Amino acid sequence: MSLLIKNISEIYTMDKDFRKIQNGFIYIENNKIKNIGSDHAELNTDNTDHIISAEGKIALPGFVNCHTHTAMTLMRGYADDLPLQTWLEEKIWPLEANLSAKDVYWGTLLGILEMISSGVTTFCDMYFFMDQVAEAVKKSGMRAVLGIGLIEEQDGEKGLNEALEFALNHQSQSERISTVLSPHAPYTCSPAYLCDIIGLSKEYNIPLNIHVSETKKEYDYIKKKYNRTPVQHLENIGLWERPTTAAHCVHLDEKDIGILSKYEAGVSYNAQSNMKLGSGIAPITELIGEGVNVGLGTDGASSNNNLDMIEEARTASYLQKVKHEDPTKLNLEKTAQMLTGGGAMALHLQNLGILKKNYLADIILIDINKEFTDYPHHNNLSNLLYAGNRNKIDTVIINGNIVMDQGDFLFLEPDRILKEAEMRASNLLKK
Ligand SMILES: [Zn+2]
3 MSLLIKNISE IYTMDKDFRK IQNGFIYIEN NKIKNIGSDH AELNTDNTDH IISAEGKIAL
63 PGFVNCHTHT AMTLMRGYAD DLPLQTWLEE KIWPLEANLS AKDVYWGTLL GILEMISSGV
123 TTFCDMYFFM DQVAEAVKKS GMRAVLGIGL IEEQDGEKGL NEALEFALNH QSQSERISTV
183 LSPHAPYTCS PAYLCDIIGL SKEYNIPLNI HVSETKKEYD YIKKKYNRTP VQHLENIGLW
243 ERPTTAAHCV HLDEKDIGIL SKYEAGVSYN AQSNMKLGSG IAPITELIGE GVNVGLGTDG
303 ASSNNNLDMI EEARTASYLQ KVKHEDPTKL NLEKTAQMLT GGGAMALHLQ NLGILKKNYL
363 ADIILIDINK EFTDYPHHNN LSNLLYAGNR NKIDTVIING NIVMDQGDFL FLEPDRILKE
423 AEMRASNLLK K
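Heads up, the sequence shown is in our numbering, so the first residue is 3 and it goes up one at a time.
Spelled out as structure tokens, the structure:
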């Protein structure tokens with residue numbers, strides 16, 4: 003299978019030099035980029051299976067959503083304006099107790115529709131009924147990093163065995179699915195439980211995904227209980243020695259930042275969720291300053307309330323400017339890098355998130371003549387992230403396959419998904 007995208011107005015490679023190619027082409031064979039450059043006339047395209055002419059469009063690597071609970075789309079708008087613990091304990095957890103496997107399947111598909119349409123080509127998901135999430139990923143053409151969320155009191159040893167089995171089973175089932183072990187957080191998992199998870203991570207070479215230091219309440223609780231900050235507590239039990247993606251990291255001291263840097267942990271910065279739940283502003287500028295790999299995440303749709311990564315990126319950037327009262331912080335290029343290759347690195351994924359030869363062919367095409375805010379064309383990337391919205395996403399390619407073609411989904415039926423999601427969300431309240 004080969005695909006040529008030609009006459010692309012501008013290619014943003016997102017490589018370390020932030021190289022751009024004017025009027026360029028990308029040639030894909032199977033799931034990888036085989037050639038990229040500025041003059042496709044030199045290519046022999048006689049045997050190309052499919053050609054896209056991309057005049058008036060720019061190309062970027064697909065966006066990476068480093069932290070979400072996709073099926074929570076079913077709870078969008080159900081419980082707003084509450085503190086995290088009240089929101090979880092009184093609203094979300096009781097409703098989640100009613101979820102069936104099929105609810106999770108359809109809720110995940112609703113989230114995937116929204117993510118693909120906003121340019122997301124990879125997401126990292128921590129939830130339950132993850133077999134159903136994997137099915138939705140396979141059907142949709144998406145790429146994902148999946149792990150069953152583990153809360154010790156609910157899941158215990160049985161849950162841990164299931165999480166391991168899921169991770170091992172799905173590691174090789176699809177080249178678009180990677181797996182992780184996902185302890186929920188240091189305040190819901192004891193050191194002994196976490197040590198068991200770390201041991202399995204080491205034995206079977208499976209990375210970790212965990213919420214860390216999301217709220218001041220968690221920070222104070224862990225500090226009081228273990229006499230260490232959450233990051234230092236996790237260092238003490240050896241967690242950072244494993245490849246880990248830590249979500250949130252809002253409350254950190256200087257030593258914590260040094261630890262995350264030293265162990266090459268990935269961090270998911272979830273600005274909108276942290277804002278909506280009043281959790282605080284993560285020290286992202288400082289983390290980047292110490293060389294930590296930071297990506298962006300939406301978190302679940304009931305604490306955001308959407309999975310739109312363009313909106314997330316804009317908020318993420320502006321929030322750092324507000325925090326430091328300095329407009330130079332988290333600039334456009336760095337934000338775009340976090341949205342793409344930085345996100346892939348934060349998830350410990352190889353050969354992803356940069357448009358270059360032999361990298362995975364996850365590519366989005368963006369129409370730059372569609373909205374009023376596309377004009378004038380001083381800077382198309384600025385127009386996209388600082389002025390644009392997801393309506394500008396025209397075509398989405400994942401693993402070399404077109405999954406959305408000029409706004410049309412090739413593997414999903416939006417009408418059916420919307421109907422099922424609506425029906426299942428209203429039934430959840432009746433259970
Ligand atoms: Zn989360």
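A virtual CB, placed ideally from N, CA and C, is assigned to each residue, including glycine. All values derive from a computational prediction rather than experimental measurement.
- In the three-state reduction of the DSSP assignment, V294 falls in the coil class.
- Shortest gap from the CB of G149 to any heavy atom of ligand 1: 7 Å or more.
- In the three-state reduction of the DSSP assignment, Y271 falls in the strand class, which pools E and B.
- Here P245 has P209 and H350 as same chain residues with Cβ atoms under 6 Å from its own Cβ, once five neighbours each way along the sequence are excluded.
- With fewer than 16 other CB atoms across the displayed protein chains lying within 10 angstroms of its CB, T88 is exposed.
- Annotation for Y80: no alpha helix (DSSP H) segment contains it, and DSSP assigns it neither H nor E.
- Straight across, the Cα-Cα distance linking F125 with T110 is about 11 Å.
- Contact fails between the stretch 225-235 and the stretch 198-205, because fewer than three Cβ pairs, one in each stretch, are under 8 Å apart.
- Check the Cα spacing between K278 and each of A427, I286, N385 and A303: the tightest is with A303.
- Straight through space, the alpha carbons of D82 and N306 are spaced by roughly 9 Å.
- The beta carbon of E167 is closer than 7 Å to none in its chain, skipping five residues each way along the sequence.
- For Q339, the enclosing alpha helix (DSSP H) starts and ends at L334 to L341.
- Residue pairing by DSSP places D255 in no beta bridge whatsoever.
- The beta-carbon distance between Q408 and D417, rounded to whole angstroms, is 18 Å. This is too long to meet the 8 Å contact definition.
- Beta-bridge annotation (DSSP): C191 is not paired with any residue.
- Annotation: the continuous alpha helix (DSSP H) that includes H326 extends over M311 to H326.
- By a beta-carbon distance limit of 8 Å, N295 contacts G344. Their separation comes to about 6 Å.
- The Cβ atoms of H69 and G299 lie closer than 8 Å to each other.
- In this structure, L112 lies away from A338, with their beta-carbon atoms at least 8 Å apart.
- Taking all protein chains in view, the Cβ of Q274 is crowded by 16 or more other Cβ atoms within 10 Å, so the residue is classified as buried.
- For A103, the enclosing alpha helix (DSSP H) has its first and last residue at A103 to S119.
- Within 7 Å of the C-beta of A249 there is at least one heavy atom belonging to ligand 1.
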